[in-house]
Each structure stands twice: as C-alpha cells, then as structure tokens.
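Chains as they are written, first to last, in this note's numbering: chain A, 653 to 865; chain B, 653 to 865.
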DNA sequence: ATATGAATTAAACAAATGATTAATAAAAAA
DNA sequence: TTTTTTATTAATCATTTGTTTAATTCATAT
C-alpha cells in the first residue's frame, strides 16, 4: 500500500512506517548532494539501510520519489519565505532584517538546497508551477510596503521584481558560490558560515541604501 | 591519436578534425542542458551525428570529454571576466558599468552556464582549483580601486569579498532564477532578456549607492 | 598504383540500473 | 489460534550505459 505524507518533520497525522521515512530522508540527502540522475536507487537503499525493493514498494518509482521530495522541500522552503514577507506587523526595514536572518539560517542548515532546486528546476519547471506560494511573493506585504515607500517619495522607483530579485540575489547567491569563495579566500566551512552570518546585518543596510533616495 | 585543443572558437593552431569539434559542441550543449550524469554518450553521438565509438576514439572517456569541456568553458568565461576587472584605464564606476554589460551579454548568450558550473562544481571543486584566474579577482584592479575609495573616505568599508560577491550576485543570480521569474511575472524568454538588459544600467547605480558614504 | 596509417563503422561486452517477482516474515484482524 | 493483510527479502529481468573490438573505408605519402 502506498501512502503520502508531506514531510518527515510534519505535524499532519502520520501513520506512515519507519522505513518510508528512512527512504525519504536518505533520498533527499543524496538528491541534494548528487542530483537526480547521479543518484541510483541502490545508493538510496544502501544509505537508508533498507531493501532495494522497498523503494518501489512505497514510492513506485525513483521519479515519483523524487517528485514527492522536491514538492515537499519546495513547499517547506517557500512557506517559510512567505511567512516573513507577509507579516503585517513589521516594517519593510524590519522585514529585510528578518528575512536576511531567517533565510541565511535556513540555507546554512541546508546549504545544498538552492543549487539543487535551481538546477533541477531548469529541466523541469513544472514542479514550481504547482507551488501555490510562488506567485504570492509579488503580491506580498513586503512588495506593497516597498511600493508604498515609492509613492511617499522615500524610495527610488523601480519595478518591484528587480527589488525582490536583488534581495534574494545577495542572500542566496553567495551560498551557491561557496566552493569558489572558500577557495579564493582560503576559508573553512566554519569560516564561510561566519562570513554569511556577517551578511545578516550587512544585507538590510545595503538594500536600504540601494533603494533610499 | 588524441589531440588537445582549447576550444572550438580558438585562435591556437588547429589541425584537429571536424568530428572532434562536432562531438565537443554537441557534448557542451547537452552537458549544459542536462548536466553530466543525465547526458549519455549515445545522446552526444546522436546530437553530433557521429558514431558512438568516435567519442572514445577522440576523448577516451565521457569523463575526460566532460573535464576538457568544463576546463575550456571556465577558462573562456573567467578570462573575459578578469579582462574587465584589470583594465587600468577605467574607473571603478566605469568598470561596474562595463562588467554589468559584458557579463549580462555573456550570460544571455549562454544562459545555462552559471547554474551548470555552480552545480557541477559542488561535486567536483577541483576543476576550479586548476583555474589560474580564480584567485586573481581578489587581487584585481577592480578590488584595489574599491579599497582606494575606502581609504579616501568615499566608500564604506567592508571586506572586499562581500563587495565582489554582491556585484556578481545581482548580475548572475537572476539568470539562475529565470524559470521562476518568467513564471511569476508571466514573461517570455524575450521579455526576460529585456528585463536583464534593463539591469545593465540599474546594477552599477545600485552598487554605487550601496557603497557610497 | 600501392602501401601505410588514420578515421569510421557496426557489433558486441560487461557492468550498472530501475523495476519486478515470488517466497517469507511480521503484524493485524477474525 | 487461525486467517488475512502488510512488510520485507533475495533473486531475477529487461534496459541502458560506457567502452571496446575487429573489420572497413578513407586519405596521404611513397
């Protein structure tokens, strides 16, 4: 029998088996590290310490297992993002600070995620299409507050998509370059994370300077 | 007999055969589109319209073919980058304008390159290690000019690695998000490129605002 | 024209891979 | 307990994949 769950650390009622989680956790780890094609079903079976046949028993195929993991990962990630963007109580500047902190923490916890997602997305943009949260970003309180600032003459006017793109760029891209940055600056993984943590304070200031008149 | 050449559009003396180029061009296109693992030798043979055995005849293995292509691609890309950074005649602000224009043009011409490189790099950082140009960026005229501006009190002081990272982030990252941006903004590929071309002018201004006191 | 080496081809090989099967063990329901 | 459903296992299948081989064609130099 095949069952569906959102993710291993989920609140929803779970009567799923233990091996099902073991498979998903191992598969997610391997997919993130090596990508879809380079990960074999035997890799997953070995890593999760289950019998190879169990993968097909629970998930029917490697492709389906991948799609479930991709969906859940995206959903979890985007949900957390939208959360900050839509907080009614915080100002734009507070949001910038909050999302820098939160996103950097999130990516430090799962540094392979951005490259993985953007890479797999390129071949199969449909996964993202299904995400309800995707389009919400441009209609978020965050964007509204920026546009409000433009109206009031506080901020320079520019298409909000540029604004949002810039914020995400300076937050996410450095992680995708981590191998390069670590190499040219001779940093350990720990050093690199310190550098990223520095950026939590720097990024909000940079963005404000970028948009302030 | 196996011969080595830098790239198909190279100046160096070429007595390489036609099929060798055909293989490399097809392989590069496929590797960029699907990644190393998802690309099969038969894919490459079909795309380049050569016999499967010719791949091993000229390049000995898929892995070696990939590494040659990766090296050449990186070399070409980084060379062009360093070129702008080290121009003695231009000011920092001019360099910002020039590199925005040049890099955006480069990536529009080969939009899959950044994601491909950063993704494959994650598994195999050695390819980048071999690049002589990598470390040069931090010792470039570009960085020196920024630090000079800091000394003169014109620019805010921050570790140059942050400065360089930010510039590259706002230039490159949007391309890596192109599927997402196109989706949430309902853009065609053409529209997206128009948006990227807009950024050629915007980015230098943003960066200056970011660093100027 | 002929001989020699390079280029090309079709066929095949061995290993890897996604998936299935049939038998067995464990758990749940009767 | 017995029966029935669910979970697990080892073995196997059919393709796919990277690579090689042996034969053949092509080009060039003698």
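Here a beta-carbon is modelled for each residue, glycine too, at the ideal position from N, C-alpha and C.
Shorter than 9 Å from the beta carbon of residue i to some beta carbon of chain A?
i                     : result
residue 664 (chain B) : Reliability fails at residue 664 (chain B), whose pLDDT of 33 lies under 50, so the model's placement of it is uncertain and no value is given.
residue 695 (chain B) : no
residue 821 (chain B) : yes
residue 759 (chain B) : no
residue 708 (chain B) : no
residue 768 (chain B) : yes
residue 854 (chain B) : yes
residue 601 (chain B) : Given a span of 653 to 865 for chain B in the structure shown, any question on residue 601 (chain B) remains unanswerable.
residue 813 (chain B) : yes
residue 796 (chain B) : no
Where does residue i sit, in a helix, a strand or coil, going by DSSP?
i                     : result
residue 688 (chain B) : coil
residue 853 (chain B) : helix
residue 809 (chain A) : coil
residue 754 (chain A) : helix
residue 864 (chain A) : strand
residue 783 (chain B) : coil
residue 771 (chain B) : helix
residue 703 (chain A) : coil
residue 739 (chain B) : coil
residue 793 (chain B) : helix
residue 764 (chain A) : coil
residue 749 (chain B) : helix
residue 726 (chain B) : helix
residue 804 (chain A) : coil
residue 682 (chain B) : helix
residue 867 (chain A) : Since the displayed chain A opens at 653 and closes at 865, residue 867 (chain A) lies outside it and no answer follows.
residue 846 (chain B) : helix
residue 670 (chain A) : helix
residue 776 (chain B) : coil
residue 821 (chain B) : helix
Which residues in chain A sit within 9 Å of residue i, going by Cβ to Cβ distance?
i                     : result
residue 678 (chain B) : In chain order: nothing, as chain A lies at least about 18 Å away.
residue 751 (chain B) : Going along chain A, no residue has its Cβ under 9 Å from residue 751 (chain B), so there is no contact; the nearest lies around 15 Å.
Residues of chain A with a CB under 8 Å from the CB of residue i: which are they?
i                     : result
residue 869 (chain B) : Outside the shown range of chain B, which is 653 to 865, sits residue 869 (chain B), and nothing can be said about it.
Mind pulling the chain A residues with CB within less than 7 Å of residue i?
i                     : result
residue 809 (chain B) : Under the 7 Å cutoff, chain A gives no residues; its nearest Cβ is about 11 Å from residue 809 (chain B).
residue 824 (chain B) : 825
residue 849 (chain B) : None at all; the shortest Cβ gap to chain A is about 12 Å.
Can you pull the chain B residues whose beta carbon is under 7 Å from the beta carbon of residue i, in chain order?
i                     : result
residue 861 (chain A) : 861 and 862
residue 787 (chain A) : 836
residue 780 (chain A) : 831, 832 and 835
residue 686 (chain A) : 775
Taking 9 Å as the CB-CB limit, is residue i close to chain B?
i                     : result
residue 690 (chain A) : yes
residue 801 (chain A) : no
residue 818 (chain A) : yes
residue 654 (chain A) : Low per-residue confidence applies at residue 654 (chain A): pLDDT is 30, beneath 50, and the placement is therefore not dependable enough to give any value.
residue 661 (chain A) : Because the pLDDT of residue 661 (chain A) is 36, which lies under 50, any placement of that residue in the model is unreliable, and the question is left without a value.
residue 658 (chain A) : Note that residue 658 (chain A) scores a pLDDT of 33, beneath 50, so its modelled location is shaky; the value from the coordinates is reported in the next line. Judged by the 9 Å Cβ criterion, residue 658 (chain A) is not in contact with chain B.
Under the assumption that residue i contacts residue j (Cβ atoms under 8 Å), give the Cβ distance between them as a whole number of angstroms.
i                     : j                     : result
residue 740 (chain B) : residue 793 (chain B) : 6 Å
residue 790 (chain A) : residue 812 (chain A) : 7 Å
residue 786 (chain B) : residue 832 (chain A) : 7 Å
residue 826 (chain A) : residue 821 (chain B) : 6 Å
residue 752 (chain B) : residue 823 (chain B) : 6 Å
residue 713 (chain B) : residue 675 (chain B) : Rounded, the Cβ-Cβ distance is 13 Å, inconsistent with contact.
residue 717 (chain B) : residue 769 (chain B) : That pair is no contact at about 17 Å.
residue 807 (chain A) : residue 863 (chain A) : 4 Å
residue 693 (chain B) : residue 707 (chain B) : 5 Å
residue 671 (chain B) : residue 702 (chain B) : 5 Å
residue 690 (chain A) : residue 689 (chain B) : 4 Å
residue 859 (chain B) : residue 818 (chain B) : 7 Å
residue 861 (chain B) : residue 861 (chain A) : 5 Å
residue 841 (chain B) : residue 756 (chain B) : The pair is not a contact, with the Cβ atoms about 15 Å apart (cut-off 8 Å).
List the residues of chain B that residue i touches, going by C-beta distances under 8 Å, in chain order.
i                     : result
residue 703 (chain A) : Residues of chain B passing the Cβ test: none, with the nearest at roughly 24 Å.
Who are the neighbours of residue i on chain B, taking C-beta pairs under 9 Å?
i                     : result
residue 845 (chain A) : What residue 845 (chain A) touches in chain B: nothing, since even the nearest Cβ is about 14 Å away.
residue 764 (chain A) : 774
**OP:** Using a Cβ-Cβ cut-off of less than 9 Å, list which residues of the stretch 715-746 of chain B approach chain A; keep chain order.
**Re:** none
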